[in-house]
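Student: One structure, pasted below without further comment.
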Amino acid sequence: MFVHFFKYHGTGNDFIIIDNRHQKFTYSKKSLINHLCNRRFGIGADGLMVLMEHPELDFEMKYFNSDGQEGSKCGNGGRCIADFAKKLGLINDVTEFQAIDGVHQAIVLGDAVKLKMQNVSGIEQGNHYYFLDTGSPHYVTFRENLEETDVFEEGRKIRFNTRFRKEGINVNFVKVLEDKIQVRTYERGVENETLSCGTGVVASAICATLESKTDKSS
């Protein structure tokens, strides 16, 4: 059986996307998803998404990390799958779709896609870190020497510490510039640094604002 796939990326965060409205792709096989996402022996991607029919909304998005496990909300993935839905002719410019954390709205504007995120509450502030959930759980810490930070080693240490080992955590290292922030993220499920993380950037921007490190309009 042949299954058509499409390759997308959102600011470098790349995905395999499959139109699964006819349920031809069996996404329950974790080993298959892991193989497809393998950059040496498969297609190669940070994750895989399937677009499915929804009884009330435009479509449903299911996201899987490259380890084959179903993931939490993926911001860049949400933007990519909204564009994909438009190219399939399912939507015009505005869409409302189901994701693992609830209903999301998106607007496709040419090559740009705006995605509305869920409200965030219950932000934990500790010594030199924040912990919050923007659809996916994120640990945020600020660094002046971001370029020299070993994101893999330091991120892995936090992700697999006693508190976060079971459920996992995405770890964001943030540097505040004059009118923006720079973010590097270690993603659970990928278990490595990715080129970008949508929910991680949202989490980092919120924390930077709480720290009064950036203008609230950033």
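Per the working numbering, residue 1 is the first one in the sequence shown, and the count goes up by one each step. Here a beta-carbon is modelled for each residue, glycine too, at the ideal position from N, C-alpha and C.
May I have the straight-line CA-CA distance separating S28 from H54, to the nearest angstrom?
Tutor: 19 angstroms
Student: Nearest to L32 by CA position, among R21, A45, K180, is which residue?
Tutor: A45
Student: Check N127 in the structure and name its three-state DSSP category.
Tutor: Three-state DSSP puts N127 in coil, outside helix and strand.
Student: Which term fits R39, buried or exposed, when burial requires 16 or more other beta carbons within 10 angstroms of its beta carbon?
Tutor: exposed
Student: For A203, report the span of its beta strand (DSSP E) as first-last.
Tutor: A203 -> not in any beta strand (DSSP E); alpha helix (DSSP H) instead, spanning 198-210.
Student: Can you name the residues that DSSP bridges to H4?
Tutor: Looking at the DSSP assignment, H4 forms no beta bridge with any residue, so it has no partner.
Student: According to the neighbour-count rule (16 or more other Cβ atoms, all chains shown, within 10 Å of its Cβ), is S218 buried or exposed?
Tutor: Since pLDDT at S218 reaches only 49, below the 50 mark, its modelled position is unreliable, and no value is offered.
Student: Quick check: the Cα distance between L48 and Y63, rounded to an integer number of angstroms?
Tutor: 6 angstroms
Student: When you compare only the Cα positions, how much space is there between R79 and V113?
Tutor: Note on geometry: alpha-carbon atoms of R79 and V113 lie some 6 angstroms from one another.
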